[in-house]
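*Asks:* Before I ask anything, let me first share the structure, which is written out below as structure tokens.
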Ligand code: C5P
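Numbering (the working numbering), first residue to last: 3 to 408.
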């Protein structure tokens, strides 16, 4: 049974990828328990052991507990082929070293990369938590204190050590924190969990409507806003599926991507995902019309004019909003005049819960620019967001959407 006060902790650690580094100290046996505590909270744990750590606890024990192969060497071709050290560094949402000995602390502080664990610390941008464990005299030594202070300044989170009796018989600071305390220090590194457990589906970018094998009708949408929303929602713990039209953007970390070309493809993908979606955000600039016919051969140049008959595309977000159960639906409205009237008209007509409106007559914002400024209308209130980067705006919009779900 889950305690009420454990809920936020479980949310923070659910599906987080934790790389646990174990260095060579007597407290290494407690790391086995730490693996269990992290897994109980839903984290995915991979273990890296230094050579000295293997003198205290076997890789086999940690492999059995973590359910993953234990990484021990930088220069093992077999391990590198399975998951190379750079891949492992990228995989981690957080690196925790427990126990962190005086030696490993000194090597990390010096920027050394003489084994797998120190190399991963250098190669990864993920937050790092150190749980020091050593003899009390070694802990209070000037060198160790200077190293710890330098690492704390560089952004490392230092968890412990605690005071008490030590394996060597001394009494003082140097005992590693208990596994639950280290787990809590790790959980504290993960911020907003407002969308944990939610599935967010986002459409982004333009669509392309072909009229012969080499030509199409499209628009200038860059997809940036939708991709930033995907990143921001994922950061808040959501499972995110991004249905992307043809854009030249990398997929945000942890986001599932479904590439589509035409409005019809986007419509199919959206309706297929709608039943599992808690939130649907229609950020794509969907072409309103498509050619009635796609010629099988390239259309040849002939007369001075060429007419192509266009037919209306399905309204994707309106169709999603008609589903039962209906996800919380958020649309965009790019307007050049009478922003409020047109945006709230779409809110009602398409059956949406929120509409994010922007004035595209202003060149500094919208479509291909990096900045945006919007007004968000719900059925009961209005929220203004002044000009900022699309990344910042995406964070604010996701926060606003999360508050509407409560
Ligand atoms: O009607 P308008 O194109 O201005 O509406 C914009 C909103 O509707 C956006 O959220 C857009 O993603 C969505 N839309 C859609 N399918 C269409 C047209 C627009 O989902 N065919």
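All C-beta atoms, glycine included, are put in the ideal place defined by N, C-alpha and C.
Taking only the alpha-carbon atoms, compute the straight-line gap between residue 86 and residue 62 and give it to the nearest angstrom.
*Replies:* Here residue 86 refers to the residue found at position 84 when the chain shown is read from its first residue. Here residue 62 refers to the residue found at position 60 when the chain shown is read from its first residue. Residue 86 and residue 62: Cα-Cα distance of roughly 20 Å.
*Asks:* Say whether the stretch 99–115 touches the stretch 141–152, bearing in mind that this needs 3 or more beta-carbon pairs closer than 8 Å, one atom from each stretch.
*Replies:* Yes, the stretch 99–115 touches the stretch 141–152.
*Asks:* Cβ of residue 229 within 7 Å of any heavy atom in the ligand C5P?
*Replies:* The sequence position of residue 229 within the chain shown is 227, counting from 1. Result no, Cβ not under 7 Å from the ligand C5P.
*Asks:* In its own chain, which residues sit with a C-beta less than 8 Å from the C-beta of residue 353, not counting the 5 before and 5 after it?
*Replies:* Taking the first residue of the chain shown as position 1, residue 353 is located at position 351. Correct list, in chain order: 320, 323, 324, 328, 331.
*Asks:* Take residue 196 as the anchor and find which of 280, 55, 240 has the nearest alpha-carbon.
*Replies:* In the chain shown, counting from the first residue as 1, residue 196 sits at position 194. Minimum Cα distance to residue 196 is reached at 240.
*Asks:* What's the C-alpha gap between residue 7 and residue 13?
*Replies:* On the chain shown, residue 7 is found 5 positions in, with the first residue counted as 1. On the chain shown, residue 13 is found 11 positions in, with the first residue counted as 1. At residue 7 the pLDDT is 43, less than 50, meaning the model places this residue with poor confidence; the figure from the coordinates comes in the next sentence. Separation of residue 7 and residue 13 (C-alpha to C-alpha, rounded to the nearest whole angstrom) is 11 Å.
*Asks:* If I'm right that residue 229 touches residue 206 with Cβ under 8 Å, what's the distance once you round it to whole angstroms?
*Replies:* What you label residue 229 is simply residue 227 of the chain shown in a count that begins at 1. What you label residue 206 is simply residue 204 of the chain shown in a count that begins at 1. The Cβ separation is near 6 Å, so the contact holds.
*Asks:* Which class does residue 216 belong to by DSSP, given the choice of helix, strand or coil?
*Replies:* Taking the chain shown and counting its residues from 1, one reaches residue 216 at position 214. Residue 216: coil per DSSP, three-state reduction.
*Asks:* What alpha helix (DSSP H) runs, 4 residues minimum, are completely inside the stretch 25–79?
*Replies:* Listed in chain order, they are 30–42, 61–68.
*Asks:* What is the DSSP secondary structure of residue 7, counted as helix, strand or coil?
*Replies:* Position 5 of the chain shown, counting from 1, holds the residue named residue 7. Since pLDDT at residue 7 reaches only 43, below the 50 mark, its modelled position is unreliable, and the value read off the structure follows with that caveat. Helix, per DSSP.
*Asks:* According to DSSP, is residue 166 part of a helix, a strand, or is it coil?
*Replies:* By 1-based counting over the chain shown, the position of residue 166 is 164. Three-state result, residue 166: strand.
*Asks:* Tell me the DSSP secondary structure of residue 175 in three-state form.
*Replies:* Locating residue 175 in the chain shown gives position 173, where the first residue counts as 1. Three-state result, residue 175: strand.
*Asks:* Quick check: the Cα distance between residue 179 and residue 201, rounded to an integer number of angstroms?
*Replies:* Start at 1 with the first residue of the chain shown, and residue 179 comes out as number 177. Start at 1 with the first residue of the chain shown, and residue 201 comes out as number 199. Going from the Cα of residue 179 to the Cα of residue 201 covers about 36 Å.
*Asks:* Examine the Cβ distances between the stretch 333–350 and the stretch 376–390 and report whether three or more of them are shorter than 8 Å.
*Replies:* yes
*Asks:* Rounded to whole angstroms, what is the Cα-Cα separation between residue 360 and residue 125?
*Replies:* Numbered from its first residue, the chain shown carries residue 360 at position 358. Numbered from its first residue, the chain shown carries residue 125 at position 123. Roughly 40 Å between the two C-alpha positions.
*Asks:* Throw me the rounded Cβ distance for the residue 220 and residue 233 pair, which I believe falls under 8 Å.
*Replies:* Along the chain shown, one-based indexing puts residue 220 at 218. Along the chain shown, one-based indexing puts residue 233 at 231. No, residue 220 and residue 233 are not in contact; Cβ-Cβ is about 24 Å, not under 8 Å.
*Asks:* Let me make sure I understand the geometry here. Which of 397, 245, 30, 263 has the alpha-carbon closest to that of residue 236?
*Replies:* Counting from 1 along the chain shown, the entry for residue 236 is found at position 234. When each option's Cα is compared against that of residue 236, the closest is 397.
*Asks:* Shorter than 7 Å, the distance from the beta carbon of residue 335 to the closest heavy atom of the ligand C5P, or not?
*Replies:* Taking the chain shown and counting its residues from 1, the one referred to as residue 335 is at position 333. For the ligand C5P, at least one heavy atom lies less than 7 Å from the Cβ of residue 335.
*Asks:* Looking only at C-alpha atoms, which of 66, 356, 372, 28 sits nearest to residue 404?
*Replies:* As a working mapping, residue 404 is identified with position 402 in the chain shown. Residue 356 is the option with its Cα nearest to residue 404.
*Asks:* What is the DSSP secondary structure of residue 111, reduced to helix, strand or coil?
*Replies:* For this step, residue 111 is matched to residue 109 along the chain shown. Three-state result, residue 111: helix.
*Asks:* Less than 7 Å between the CB of residue 243 and some heavy atom of the ligand C5P, yes or no?
*Replies:* One-based indexing of the chain shown puts residue 243 at position 241. No - the ligand C5P has no heavy atom lying nearer than 7 Å to the Cβ of residue 243.
*Asks:* If we call anything under 8 Å between Cβ atoms a contact, is residue 55 one with residue 185?
*Replies:* Taking the chain shown and counting its residues from 1, one reaches residue 55 at position 53. Taking the chain shown and counting its residues from 1, one reaches residue 185 at position 183. Contact: no.
*Asks:* Are residue 134 and residue 181 closer than 8 Å when you measure CB to CB?
*Replies:* For the purposes of this step, residue 134 is taken as residue 132 along the chain shown, with counting starting at 1. For the purposes of this step, residue 181 is taken as residue 179 along the chain shown, with counting starting at 1. Cβ atoms of residue 134 and residue 181: not closer than 8 Å.
*Asks:* According to the neighbour-count rule (16 or more other Cβ atoms, all chains shown, within 10 Å of its Cβ), is residue 308 buried or exposed?
*Replies:* Stepping through the chain shown from its first residue, residue 308 is reached at position 306. Looking at its Cβ environment, which holds fewer than 16 other Cβ atoms inside 10 Å, residue 308 is exposed.
*Asks:* According to the neighbour-count rule (16 or more other Cβ atoms, all chains shown, within 10 Å of its Cβ), is residue 5 buried or exposed?
*Replies:* For the purposes of this step, residue 5 is taken as residue 3 along the chain shown, with counting starting at 1. Summary for residue 5: the model assigns pLDDT 41, below 50, so the residue's position carries little reliability; its value from the coordinates is reported in the next sentence. Residue 5 should be labelled exposed.
*Asks:* Can you grab the Cα-Cα spacing for the pair residue 340 / residue 333, in whole Å?
*Replies:* Your numbering for residue 340 matches position 338 in the chain shown. Your numbering for residue 333 matches position 331 in the chain shown. Roughly 17 Å separates the two Cα atoms.
*Asks:* Is any non-hydrogen atom of the ligand C5P found closer than 7 Å to the C-beta of residue 348, if you look at the structure I gave you?
*Replies:* Along the chain shown, read from residue 1 onward, the residue named residue 348 stands at position 346. Within the cutoff, so yes.
*Asks:* In chain order, what residues of the same chain have a beta carbon less than 8 Å from the beta carbon of residue 406, not counting five sequence neighbours either side?
*Replies:* As a working mapping, residue 406 is identified with position 404 in the chain shown. Excluding residues within five positions, the ones whose Cβ falls inside 8 Å are 330, 355, 356, 380.
*Asks:* What do you get for residue 198, buried or exposed, if any count of 16 or more other CB atoms within 10 angstroms of its CB means buried?
*Replies:* For the purposes of this step, residue 198 is identified with residue 196 of the chain shown, where counting begins at 1. The residue is buried, with at least 16 neighbouring Cβ atoms inside 10 Å.
*Asks:* Can you tell me where the beta strand (DSSP E) with residue 401 in it begins and where it stops?
*Replies:* In the chain shown, counting from the first residue as 1, residue 401 sits at position 399. From DSSP, residue 401 is part of no beta strand (DSSP E) but of the alpha helix (DSSP H) over 392–407.
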